[in-house]
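Asks: Letter by letter, the sequence shown follows residues 25 to 191 in the numbering used here.
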Amino acid sequence: MAFENRKILFIASGILAITAILYIIANGLPIWTKSSGTSVSITVGLWQVCRLQGAKLSCISLPTEVVSDKIKAARAFMTICSILCPLSIISIISIISVNENVKKNISFLSKGLAIASLISGIIGVSLGISFSVNEINAGASMGVSCILAIIGLVFNIIGTIITFFIK
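1. Under the three-state reduction of DSSP, which class applies to SER92: helix, strand or coil?
2. Going by DSSP, what residues sit across from CYS83 in a beta bridge?
3. Between SER37 and the rest of its own chain, which residues show a CB-CB distance below 6 angstroms, the 5 nearest in sequence each way excluded?
4. Taking 8 angstroms as the cut-off, decide whether the C-beta atoms of LEU53 and SER169 are in contact.
5. Can you name the start and end residues of the alpha helix (DSSP H) that ASN128 belongs to?
6. DSSP puts MET166 in a beta bridge; with which residues?
7. According to DSSP, simplified to helix, strand and coil, what is THR62?
8. Would you call the segment 88–106 in contact with the segment 131–148, where contact means no fewer than 3 C-beta pairs closer than 8 angstroms?
9. SER131 and ILE190: beta carbons closer than 8 angstroms?
10. Look at the Cβ atom of LEU172, then the Cβ atom of LEU46, and state whether they are nearer than 8 angstroms.
11. Quick check: MET102 and ASN158, are their CB atoms within less than 8 angstroms of each other?
12. Taking the alpha-carbon positions, what's the LEU33 to LEU76 distance?
13. Would you mind sorting ILE186 into buried or exposed? The rule is 16 or more other CB atoms within 10 Å of its CB.
Structure, rendered in structure tokens:
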């Protein structure tokens, strides 16, 4: 018997793929907050701080004395959801190729991975936003990475809900 919900499988996989890409980009880009002066622009991410002066861009890893526990936790949870989301996609797509006896178990696995990705995404994005708010209160503005992480979280919520329609 062929799987009845092929369309749902592909929709959930597509949305979770977008989510994974957004999380990975948000985690890697050093633009969670940005501040600009007259001749210099500084961006801060979870992993690096970059300085743009004129046409010269220089980035360094965040110094250990600057890295708070909040940033370490945001790094960890953003990395975890960047790993769990693709695993959820793989499990959803594998539903198509397994026999009928295993489909139900793989379906539960994909739902569990989607939920775990959502929970770690909520925690990681909230910690990242909390870090950004502290910088914004100091005069910086919200960066692209923060916005991408929020959009990724919205897609993660939608993708997780759709996975529950997989029977």
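Cβ atoms here follow ideal geometry from the backbone N, Cα and C, with glycine treated the same way.
Replies: The answer reads as follows:
1. For the purposes of this step, residue 92 is taken as the residue at position 68 of the sequence shown. Reduced to three states, the DSSP call for SER92 is coil.
2. Numbered from its first residue, the sequence shown carries residue 83 at position 59. DSSP lists CYS74 as partners of CYS83.
3. Within the sequence shown, numbered from 1, the residue matching residue 37 stands at position 13. Closer than 6 angstroms at Cβ, skipping near neighbours: ILE113, ILE116 and ILE117.
4. Position 29 of the sequence shown, counting from 1, holds the residue named residue 53. Position 145 of the sequence shown, counting from 1, holds the residue named residue 169. Their beta carbons are under 8 angstroms apart, which means LEU53 touches SER169 by this criterion.
5. Indexing the sequence shown from 1 puts residue 128 at position 104. Here the sequence assigns Lys to residue 128, which means Asn is not the residue at that position. 124–161 is the extent of the alpha helix (DSSP H) around LYS128.
6. Numbered from 1 along the sequence shown, position 142 holds the residue referred to as residue 166. Partner(s): THR57.
7. Looking up residue 62 in the sequence shown gives position 38. It is coil, neither helix nor strand.
8. Enough Cβ pairs lie closer than 8 angstroms, so yes.
9. Numbered from its first residue, the sequence shown carries residue 131 at position 107. Numbered from its first residue, the sequence shown carries residue 190 at position 166. Going by C-beta atoms, SER131 is nearer than 8 angstroms to ILE190.
10. Looking up residue 172 in the sequence shown gives position 148. Looking up residue 46 in the sequence shown gives position 22. A contact, by the Cβ cut-off of 8 angstroms.
11. Here the question's residue 102 lines up with position 78 in the sequence shown. Here the question's residue 158 lines up with position 134 in the sequence shown. Not a contact, by the Cβ cut-off of 8 angstroms.
12. To locate residue 33, count along the sequence shown from 1; it is residue 9. To locate residue 76, count along the sequence shown from 1; it is residue 52. Going by the C-alpha atoms only, they are around 44 angstroms apart.
13. Position 162 of the sequence shown, counted from the first residue, corresponds to residue 186. ILE186 should be labelled buried.
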